[in-house]
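When the letters of the sequence shown are read in order and numbered with this note's numbering, they come out as residues 589 to 953.
Don't be surprised by glycine CBs; every beta carbon is placed ideally from N, CA and C.
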Amino acid sequence: MASQAVPETNQPAISVLIPIYNVEKYLRQCLDSLRDQTFSNFEAICLNDGSTDSSSAIAHEYAEQDERFRVIDKPNSGYGATMNVGLDNACGTFVAVLESDDFFYPDALETLHAAALAHNAQAVKGNFTFYWTEGNRDELHRMVEPDMCAHVVDTREDTRILFQKPSIWSGLYRRDFLAANDIRFLETPGASYQDTSFAFKVWASAARATFVENPIVHYRQDNESSSVNSKGKVFCVCEEYTEINRWLDAHADAAHEHDLRLMAQISQYNAYLWNLDRLAPEFKLEFLTHMGKEFRAYEANGTLCWDEWNGWRALNLRTLMDDPEKYLRVRNRSNDSRSVAKALFALRLGGPKALVQAVAGRAKQ
């Protein structure tokens with residue numbers, strides 16, 4: 589493993605971590621977007637996780653041409669372990685993440701850094717756009733609402749961000765804040781879901797967060813896999829929530845612990861059902877059965893408070909806990925995005941009362 593030290597006297601304001609694995613097709617666009625930022629006081633840590641294509645050579649080209657770039661070549665160990673190497677080598681006051689198949693908007697770092705300084709924020713979050721190479725097409729994905737922006741938010745109390753896609757790459761985090769709260773990545777093999785527990789820890793710790801409406805990153809869709817076909821990856825998301833519960837046991841303060849555990853469970857419920865739809869058919873029942881087992885464990889230890897779940901979510905959860913085969917059968921018959929399909933799903937699951945609950949639940953989202 590090779591790492592180029594950064595002199596302490598030249599400490600950058602931001603360390604940008606770029607995890608790289610066999611992404612030669614997109615890497616130049618990614619690194620160009622960072623090199624050409626309107627904000628220049630950054631270091632770019634290119635984390636080559638054992639690539640077998642030309643990704644390492646490309647990263648070294650940028651390091652040779654621009655002293656702000658450095659490359660760490662390491663044996664393949666997966667996303668979480670790679671990102672922790674990046675955190676250990678970062679020198680900046682803040683840390684940002686740029687995935688190597690995505691690319692920044694030109695003023696991304698300037699926007700995030702200005703917001704962080706203006707509000708003395710521990711973490712900053714912006715919106716992003718879904719990007720398709722074909723047609724050079726962007727669609728704004730709004731995660732941050734206007735009323736969340738331009739002021740300080742305690743995300744342990746205003747928990748809306750906990751229900752959003754982790755998307756750690758459209759944010760900025762104080763490095764000392766991450767260290768003080770033991771916010772690191774879970775080092776599971778592969779590259780699935782490891783931003784989930786990291787993002788939860790950030791927002792479950794931040795007494796001073798702030799948000800910006802601007803899109804920060806073009807989030808590439810062309811490189812997305814449509815389903816999970818590897819047995820080894822089926823339960824990766826479960827490990828992230830085991831890590832979240834471990835972290836809550838160690839770090840949640842008494843004033844916020846109850847609400848954070850509820851938010852963690854609802855986030856887990858949402859993430860598991862999203863994951864269910866991505867799984868190859870042969871894994872779905874096994875995964876759903878495992879999900880029911882985990883939530884029955886919450887019920888047994890007294891942390892699953894049914895009266896704090898809305899009726900529609902509670903019906904879904906109760907059904908899949910008690911009869912995962914029925915739940916999957918009904919979901920498979922009704923699982924598309926049309927409103928009529930959602931209505932049929934509710935009726936099949938629990939009759940007219942369930943339909944009312946589903947409509948009420950959607951209105952609250």
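Going by other Cβ atoms of all chains shown within 10 Å of its Cβ, with 16 needed for buried, is P663 buried or exposed? Exposed is the call here.
If you draw a straight line from the alpha carbon of T717 to that of S758, how long is it in whole angstroms? Rounded to whole angstroms, T717 to S758 spans 10 Å at the Cα level.
Using the Cβ count rule (16 or more neighbours within 10 Å means buried), how would you classify W835? Burial of W835 is indicated by the presence of at least 16 other C-beta atoms within 10 angstroms of its C-beta.
From the beta carbon of I771, is the nearest beta carbon of chain D less than 8 Å away? Among the chains of the structure shown, chain D does not appear; only one protein chain is present.
Whole angstroms is fine: what's the gap from V825's alpha carbon to N802's? So the two alpha carbons sit approximately 29 Å from each other.
Can you give the Cα-Cα distance for R921 and S643, rounded to whole angstroms? Their backbone Cα atoms lie some 43 Å apart in a straight line.
Does the beta-carbon distance from P912 to L861 come in below 8 Å? Cβ atoms of P912 and L861: not closer than 8 Å.
Output the distance between the C-alpha atoms of A810 and I646, rounded to the nearest integer angstrom. The sequence shown places Asp at residue 810, not Ala. Put simply, the backbone Cα of D810 is about 21 Å away from that of I646.
State the beta-bridge partners of I602 as determined by DSSP. Residue pairing for I602: DSSP places it in a beta bridge opposite F630, F682.
Between which residues of its own chain and E687 is the CB-CB distance below 6 Å, once the five residues before and five after are set aside? Around E687: W757.
What separation, rounded to the nearest whole angstrom, lies between the Cα atoms of A840 and A768? Rounded to whole angstroms, A840 to A768 spans 13 Å at the Cα level.
Nearest-angstrom beta carbon gap, S780 and K821 [assumed within contact, 8 Å]: Between S780 and K821 the Cβ distance is about 5 Å, and since that is below 8 Å, they are a contact.
Give me the Cβ distance between G680 and S603, rounded to the nearest whole Å; I'm assuming they're in contact under 8 Å. That pair is a contact at about 4 Å.
For Y650, which residues from the same chain have a beta carbon less than 6 Å from its beta carbon, with the 5 sequence-adjacent residues on both sides left out? These residues qualify, in order along the chain: L619, F657.
Just checking my contact of D726 with H844 at CB under 8 Å: how many whole Å lie between their CB atoms? Contact flag wrong, Cβ pair sits at about 36 Å.
Among the candidates R884, T891, D895, E896, whose CA atom is the shortest distance from the CA of T907? Comparing Cα positions, the closest option is R884.
Separation of E612 from E722, as counted between CA atoms: Roughly 18 Å between the two C-alpha positions.
Just the Cα atoms here: how many angstroms apart are A601 and D637? One alpha carbon belongs to A601, the other to D637, and they sit about 25 Å apart.
Helix, strand or coil: which one does DSSP assign to P607? P607: strand per DSSP, three-state reduction.
Considering only residues of the region 751-830, which uninterrupted beta strand (DSSP E) runs meet the minimum length of 3 residues and lie entirely inside it, listed in chain order? The qualifying runs are 759-762, 797-808.
Could you tell me if T776 is buried or exposed, where buried requires 16 or more neighbouring beta carbons within 10 angstroms of its beta carbon? Buried.
N-terminal and C-terminal residue of the alpha helix (DSSP H) that L867 is part of: That residue, L867, is in no alpha helix (DSSP H); it is neither H nor E in DSSP.
Checking the sheet assignment: what are the DSSP bridge partners for N636? Per DSSP, I608, D661.
Enumerate in chain order the residues of its own chain whose CB-to-CB distance from A795 is below 6 Å, with the five nearest sequence positions on each side excluded. Spatial neighbours of A795 in its own chain (CB-CB distance under 6 Å, excluding positions within 5 residues in sequence) are listed in chain order as D742.
Can you check whether the CB of S621 is closer than 8 Å to the CB of F682? Taking 8 Å as the Cβ cut-off, F682 and S621 do not qualify as a contacting pair.
From this set, E882, D735, K753, which residue's C-alpha is nearest A859's C-alpha? Among E882, D735, K753, the Cα nearest to that of A859 belongs to K753.
Please classify W720 as buried or exposed, where buried requires at least 16 neighbouring CB atoms within 10 angstroms. Exposed, since its Cβ has fewer than 16 Cβ neighbours within 10 Å.
Going by DSSP, name the residue or residues bridged to T717. Paired residue(s): L728, H806.
With DSSP run on the structure shown, which of helix, strand or coil describes C737? The answer is strand: DSSP assigns C737 an E or B state.
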